[in-house]
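Chemist:
In the numbering used here, the protein residues as written are 4 to 90.
1) Measure the C-alpha to C-alpha separation of residue 49 and residue 90 and round it to an integer number of angstroms.
2) Taking the alpha helix (DSSP H) that residue 72 falls in, what are its first and last residues?
3) So for residue 55, helix, strand or coil by DSSP?
4) Give every residue of the same chain whose Cβ lies closer than 8 Å to the Cβ of residue 58, excluding the five residues on either side of it in the sequence, and list them in chain order.
5) Which same chain residues end up closer than 8 Å to residue 62 when comparing Cβ atoms and leaving out the 5 residues on each side of it in sequence?
6) Using a Cβ-Cβ cutoff of less than 6 Å, which residues in the same chain neighbour residue 83 once the five nearest sequence positions on both sides are dropped?
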């Protein structure tokens, strides 16, 4: 088992994470706010300032939400979140 590009470990649930999101789990309230900020076009640094997080923490949150959605890009994350009614 190795680490994938997003830093998540490969394993039994890896394909499920990247294909269809993590088992259909619903988003958290904070994830919706994060997705809203992403959809507004804010950079990681700007999101970090708004949220009161470090830039690295912001990147980790974005990676987690993208993995949950099964999205390879930020744009695709916004598209999938909208389709699922998260935004």
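Virtual Cβ for every residue (Gly too), placed ideally from N, Cα, C. From a predicted model like this one, the values you see are computed outputs, not experimental measurements.
Modeler: The relevant details are as follows:
1) 19 Å
2) 58 to 72
3) coil
4) 47, 48, 51
5) 47
6) 72, 74
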